[in-house]
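So the structure is just underneath, and the comments pick up after that.
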Amino acid sequence: MDHTQRTPRQGDRNDRGPRPEPPAARRSGPRRPRGPLAALLAGTLLAALAPAAAPSAAADPAPDATAPPSCTADGWAPTATAIDPEDSHHAYVGNGYLGQRVPPNGTGYAAPGGTTGWPLKTPEYDGSFVSGLYAKGPANLQGRQAIAALPTWTTLDVTTGGPHPDTFSSATARGRISHYRQTLSLRCGFVRTALTWTAADGRVTDLVYDVLADRADAHTAAVRLRMTPHWSGETTVTDTLDGRGARRLRPAGPAPGADGKRPGTVAVGFRTDGTGTAGTVASTLRAGPGTPDARPAPRAAAPRPGATTAEALTAHQALTLPVRRGHTYELTKYVGVDTALTSRAPRTAAETASRRAADSGWAALSARHRAAWQKLWRSDIEVAGQPELQSWIRSAQYGLLASTRAGSANSIGPTGLTSDNYAGEIFWDAETWMYPGLLATHPDLARSVVDYRYRTRDAARANARRLGYRGLFYSWTSGSTGDLWTECHSWDPPHCTTQNHLMGDISLAAWQYYLATKDTAWLKSRGWPVLAGIADFWASRATRNPDGSYSIKDVAGPDEYSNGVDDAVFTNAGAATALRHATRAAALLGEPAPAAWKTVADRLRIPYDGTKKVFEQYAGYKGTTIKQADTVLLMYPLQWPMTRQQAAATLDYYAARTDPDGPAMTDSVHAVDAAALGEPGCVTHTYLQRAIRPFVRGPFAEFSEARGAKAGAGDPHAGRPAQDFLTGKGGFLQVFTHGLTGLRLDEDRVHLDPMLPPQLAAGVTLRGLHWQGRTFDVALGAHQTTVRLTAGPALPLATPEGDKLVSRGVPAVLKTRRPDLAATTDVARCATATATSEEPGLYAGSAVDGNATTAWVPDAADGTLTVDLGRTVTVGRITPHWTATRPASYVVQVSQDGRHWTGTGYAGRSPARYVRIVVHGATRPGPGGKPAPRPGLTELEVTRAP
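In this note's numbering, the protein residues as written are -3 to 942.
As structure tokens, this is what we get:
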């Protein structure tokens, strides 16, 4: 057995906006007049993000060929039609600077219950977050940083007047809400909530809330309320900045409330705990068209002495107006947010932003916002004939876009601006899982990830020096500055000091940015300091062995179930790659490269098992369960030189040993690796399904970090899975940007090697890919792929068919690889399979994908798998292949019509189109009272009769 492989040398190898959707049917009872808003609602989300039309203009405008695409077209507008109190995966808005969860009632602060996961483990809530705004964490974090949360800014409560007033708010019971519909427009970046509210005294009001974080102006947001009372009288609308949503803030500056010189605007000033960053949230409340008689309501008193922090971070203002039955009234709050991170006078800046937005008005603000989102969607992924998969893709893209912004100085946490899961800090997730897809589609957004590491390099240098190394040592988790001791959370186990592969991940991302942009000025000013600093770290971190090789000892790879190991293969390979990329950058820039960089890179130990022909996860690895993708990352994104046999064996070996309850991103890299290998069958699609289906939650297709209630069964720190888990979304998108296309970047060309599994043979199109000033589309068809240049100079391609040059009007046509069409005697391979039940991630198709590593497992002791062979064939042998858990018994049957089944007691010849296998597992509990393991079918092999 070969325990070590020396490091190979490089080169080896139209909605003009959303229109509220109204009640589909009214409650029983007396009919009441349908006002303008009710008529508007009946338009089913076809009008614009624009002021409510006057009654005479309530009808839909005539179609306009030049109108912008619909904000709510099919595939673009996931919708909830009921409030589920058990579902905390609430919709959210974000513009890359400011994010806000929107509760089911469409307005205000909500805490859905439950607790978040590691490290905070605090009650869940619908929070508002600013990119890069960190504070000292709570006591259980021992003072280490966590992202701060702002006062909730979405509140616009409605109170009925008269002797028995009642108020609609985020706390209004769902029993008083009917005709409910909440829509998230992915294309236009807003949340709309339309409902009918019945007050305690029986008065009924239609309410429509629109919430957005302005994509065109990072420091502004808006909430529009349109209300149609089915009664006459007086109502009050209260605008609140709600301190209950604040976390890790303390009041600062003038008492919350209004500036008497500028009526209609209230503000809350704050400072972050510990870090002391000042900031302000301001809100300006304006009555809209058709609401001329609104007057300021008596102002709430300033916070009393001894008020709670939440009360001291709260401000209110209100407008009272007379209302008439069936008429529609519009009010909008315009929010401004700024902090000392981006302004020398954040209070003035926030109030100015709020009033500027208000002076602009809803129509102009929403039009600019919508146009900014439309520009982002010029890069898109389209999957023909797969509406569910398409919706998941769009949700994944939206999540990343809502949490990134061009010109930002901050990176992306595992849940972006959607929650404080993982304390909102920055992990390797940003560089490895979220960044590559962004780099391919939005390099201007991706740049913030690598620029964050440049910004925090001073702390990284101080970290390395304090640990006894040269160069840059980045904190495993980091916040405002990157200081290891005040920002990193995992000291037992000591991931803060052992997860050294992060340095390789950061270096790779920096080099990839150069490959994608060829921005030499950036490379010299920002990329080189990071690349060289990390190379210096690795040269000082490696130790020389007696045989002249080098080792990196006492580390943890991405598999967090192992810690304190030597020569972790992904760590060592990443170190060698970082050293080589730094050497190449030095040559490009005319900088000196220390000889030690090449020496260490060429002599680092790369553990390899020559008998199994797999790379060992670390020296002495014994095949134990791993938490998440680790060694498989050698193939992608690292592109480590290896033979096809080594790659296939390594993928199968580690995929079979990965904890199915681990984090959501692992199977995405399995899918990318499988797509590159192209082994006969369709296992790429199996891994694609496993990368998404177990993790999608709620009507808005958000991502959970794990398929179950805990992210990693063997992780003592794992708690409730994070959501919305952008790490998983980023990995999932890479299956399309880098897996199906085979996209890889070089200094002077783009590599493409397209493939499709049969389940996607209707086609996949990637629009708006970017490389070095070019923009291009890749349309993958069942048998050929077309590459079209849409902007920029000619695009050089490297393909399996040779080098090609794509220019405007002259596309390249490539062969689409189809591993499922490889010759086989198994007529069931890649056929359609269904099952009575499936464990999450262990789906029916796994039993016919041609790969024995994957398996179908029923979600019960008994289960039935049915395979449609596509046509009637003369079946010869039917052979089930089992996992380690075999069934207690099973029956195989065949059918010509899928309704009438017979056994297989024939003499090896039977015409059939359908084959099914019924399995019976153990019913007695396993050791310790745990459920007995369920039988698993790795492959159902069906051969024709001779």
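Beta carbons: idealized from backbone N, C-alpha and C, even for Gly.
Fair warning: this is a prediction, and the values are worked out from it, not measured in the lab.
Exercise for the section: Quick one: grab the DSSP three-state call for T168. Expected result: Position 172 of the sequence shown, counted from the start, is the residue given in the question as residue 168. Here DSSP, grouped into helix, strand and coil, assigns T168 to coil.
Exercise for the section: Assign T654 to one of two classes, buried (16 or more other C-beta atoms within 10 Å of its C-beta) or exposed (fewer than that). Expected result: Locating residue 654 in the sequence shown gives position 658, counting from the first residue. By the 10 Å Cβ count, T654 comes out buried.
Problem - P754 versus L684, T452 and G403, residue with shortest Cα-Cα distance - result: To locate residue 754, count along the sequence shown from 1; it is residue 758. Out of L684, T452 and G403, L684 has the C-alpha closest to the C-alpha of P754.
Exercise for the section: Could you tell me if N541 is buried or exposed, where buried requires 16 or more neighbouring beta carbons within 10 angstroms of its beta carbon? Expected result: The count along the sequence shown starts at 1 and reaches residue 541 at position 545. Exposed, since its Cβ has fewer than 16 Cβ neighbours within 10 Å.
Problem - Cross-strand partners of F125 (DSSP beta bridge) - result: For this step, residue 125 is matched to residue 129 along the sequence shown. Note: F125 sits in a beta bridge opposite G95.
Exercise for the section: Indicate whether S113 and P637 have their beta-carbon atoms separated by less than 8 angstroms. Expected result: Taking the sequence shown and counting its residues from 1, one reaches residue 113 at position 117. Taking the sequence shown and counting its residues from 1, one reaches residue 637 at position 641. A quick correction: the sequence has Gly, not Ser, at residue 113. Not in contact: G113 and P637 (Cβ atoms no closer than 8 angstroms).
Problem - Complete alpha helix (DSSP H) runs within the stretch 461 to 499 (minimum length 4 residues, chain order) - result: Counting only runs of 4 or more, we get 480 to 483 and 491 to 494.
Handout entry: Cβ contact check for the stretch 88 to 95 and the stretch 203 to 211: 3 or more pairs under 8 angstroms
Key = Three or more Cβ pairs closer than 8 angstroms define a contact, and the stretch 88 to 95 meets that threshold against the stretch 203 to 211.
Practice task
For L801, count neighbouring C-beta atoms within 10 Å of its own C-beta (all shown protein chains included) and say buried if the count is 16 or more, exposed if not.
Solution key: Here residue 801 is taken as the residue at index 805 of the sequence shown, counted from 1. Residue environment for L801: exposed (fewer than 16 other C-beta atoms within 10 angstroms of its C-beta).
Practice task
Excluding the 5 residues preceding and the 5 following R745 in the sequence, name in chain order all residues of the same chain whose CB lies nearer than 8 angstroms to its CB.
Solution key: Indexing the sequence shown from 1 puts residue 745 at position 749. Only P792, L793, A794 and D799 meet the Cβ criterion.
Problem - Continuous beta strand (DSSP E) assignments of at least 3 residues falling wholly in the stretch 359 to 417 - result: For the stretch 359 to 417, whole beta strand (DSSP E) runs of length 3 or above, ordered along the chain, are 376 to 379.
Handout entry: Cβ neighbour criterion (16 or more within 10 Å) applied to A76
Key = Locating residue 76 in the sequence shown gives position 80, where the first residue counts as 1. Buried, because 16 or more other Cβ atoms sit within 10 Å of the Cβ of A76.
Exercise for the section: Could you tell me which residues DSSP puts in a beta bridge with D799? Expected result: Mapped onto the sequence shown, residue 799 falls at position 803. Answer is A794, bridged to D799.
Exercise for the section: Starting from S279, follow its DSSP beta bridges and name the residues at the other end. Expected result: The sequence position of residue 279 within the sequence shown is 283, counting from 1. Beta-bridge analysis with DSSP links S279 to V262 and V331.
Handout entry: Sufficient close CB pairs (3 or more, under 8 angstroms) joining the stretch 535 to 554 to the stretch 684 to 693
Key = Two segments are said to touch when three or more pairs of C-beta atoms, one from each, lie closer than 8 angstroms; by this definition the stretch 535 to 554 does not touch the stretch 684 to 693.
Practice task
Provide the residue(s) that pair with M751 in DSSP beta bridges, ordered along the chain.
Solution key: On the sequence shown, position 755 is the one that residue 751 refers to. Answer is R813, bridged to M751.
Handout entry: Endpoints, the beta strand (DSSP E) within which S181 is located
Key = Translated into positions along the sequence shown, residue 181 becomes position 185. Per DSSP, S181 belongs to the beta strand (DSSP E) from I173 to S181.
Practice task
Indicate the three-state DSSP secondary structure (helix, strand or coil) for G922 in the structure shown.
Solution key: Within the sequence shown, residue 922 is the residue found at index 926, counting from 1. DSSP places G922 in the coil class of the three-state scheme, outside both helix and strand.
Problem - Cβ-based neighbour list, E120, same chain, cut-off 7 angstroms, excluding 5 preceding and 5 following - result: As a working mapping, residue 120 is identified with position 124 in the sequence shown. Within the same chain, and ignoring the five residues on either side of E120 in sequence, the residues whose Cβ sits closer than 7 angstroms to its Cβ are S84, A107, P108, G109, G110, T111 and T112.
Exercise for the section: With DSSP as the reference, label D563 as helix, strand or coil. Expected result: For the purposes of this step, residue 563 is identified with residue 567 of the sequence shown, where counting begins at 1. Reduced to three states, the DSSP call for D563 is coil.
Practice task
Compute the Euclidean distance between the alpha carbons of A460 and F469, then round it to the nearest angstrom.
Solution key: For the purposes of this step, residue 460 is taken as residue 464 along the sequence shown, with counting starting at 1. For the purposes of this step, residue 469 is taken as residue 473 along the sequence shown, with counting starting at 1. The straight-line gap from Cα to Cα measures roughly 5 angstroms.
Exercise for the section: Could you round the C-beta distance between S279 and W149 to whole angstroms and report it? I think they count as a contact, below 8 angstroms. Expected result: Here the question's residue 279 lines up with position 283 in the sequence shown. Here the question's residue 149 lines up with position 153 in the sequence shown. Between S279 and W149 a beta carbon distance of about 6 angstroms is seen, short of the 8 angstroms cut, so the two are scored as contacting.
Practice task
Report the three-state DSSP secondary structure of E326 (helix, strand or coil).
Solution key: As a working mapping, residue 326 is identified with position 330 in the sequence shown. The DSSP-derived three-state label of E326 is strand.
Exercise for the section: Compute the Euclidean distance between the alpha carbons of Y839 and A336, then round it to the nearest angstrom. Expected result: Translated into positions along the sequence shown, residue 839 becomes position 843. Translated into positions along the sequence shown, residue 336 becomes position 340. In a straight line, the C-alpha of Y839 is about 51 angstroms away from that of A336.
Practice task
Along the beta strand (DSSP E) that carries E937, what are the first and last residues, could you check?
Solution key: In the sequence shown, residue 937 corresponds to position 941, counting from 1. Per DSSP, E937 belongs to the beta strand (DSSP E) from L933 to R940.
Practice task
Would you list the residues sitting across from D235 in a DSSP beta bridge?
Solution key: For the purposes of this step, residue 235 is taken as residue 239 along the sequence shown, with counting starting at 1. Note: D235 is bridge-paired with L152 and Q313 in the DSSP secondary-structure output.
Handout entry: Per-residue DSSP class, three states only, for T268
Key = Position 272 of the sequence shown holds residue 268. Secondary structure of T268 (DSSP, three-state): strand.
Exercise for the section: Could you pull the start and end residues of the beta strand (DSSP E) that T66 belongs to? Expected result: For the purposes of this step, residue 66 is taken as residue 70 along the sequence shown, with counting starting at 1. It should be noted that the sequence gives Ser, not Thr, for residue 66. For S66, there is no enclosing beta strand (DSSP E), as DSSP marks it with neither H nor E.
Exercise for the section: Please specify which runs of the alpha helix (DSSP H), each continuous and at least 4 residues long, are wholly inside the stretch 547 to 608, giving them in chain order. Expected result: Listed in chain order, they are 565 to 585 and 591 to 599.
Practice task
Would you mind reading off the limits of the beta strand (DSSP E) that contains S906?
Solution key: Looking up residue 906 in the sequence shown gives position 910. Element bounds for S906: S906 to H916.
Practice task
Would you kindly report the start and end of the unbroken beta strand (DSSP E) that includes G90?
Solution key: Sequence index remark: in the sequence shown, residue 90 carries index 94 (1-based). Judged by DSSP secondary structure, G90 falls within the beta strand (DSSP E) whose first and last residues are Y88 to G90.
Problem - T761: first and last residue of the uninterrupted beta strand (DSSP E) it sits in - result: As a first step, residue 761 is located in the sequence shown; it is residue number 765 there, counting from the start. V760 to W767 is the span of the beta strand (DSSP E), which, as asked, contains T761.
Exercise for the section: Determine the burial state of E612: buried for a count of at least 16 other Cβ atoms within 10 Å of its Cβ, exposed for fewer. Expected result: Within the sequence shown, numbered from 1, the residue matching residue 612 stands at position 616. Here E612 is buried. Its C-beta has 16 or more other C-beta atoms within 10 Å.
Practice task
Have a look at A61 and C67 and give me their C-alpha separation to the nearest angstrom.
Solution key: The count along the sequence shown starts at 1 and reaches residue 61 at position 65. The count along the sequence shown starts at 1 and reaches residue 67 at position 71. Legend: pLDDT at A61 = 46, less than 50; position of this residue unreliable, value from coordinates given subsequently. The straight-line gap from Cα to Cα measures roughly 15 angstroms.
Handout entry: Proximity winner among A303, T338, E307 and T482, relative to K132 (alpha-carbon distances)
Key = Within the sequence shown, the letter at position 136 stands for residue 132. Comparing alpha carbon positions, the residue from A303, T338, E307 and T482 closest to K132 is T482.
Problem - 6 angstroms Cβ shell around P440 - same chain, five flanking residues per side excluded - result: The residue given as residue 440 occupies position 444 in the sequence shown. At residue 440 the sequence reads Asp, which differs from the Pro that was named. Take D440, set aside five residues on each side of it, and the residues of its chain with a beta-carbon closer than 6 angstroms to its own are A402, in chain order.
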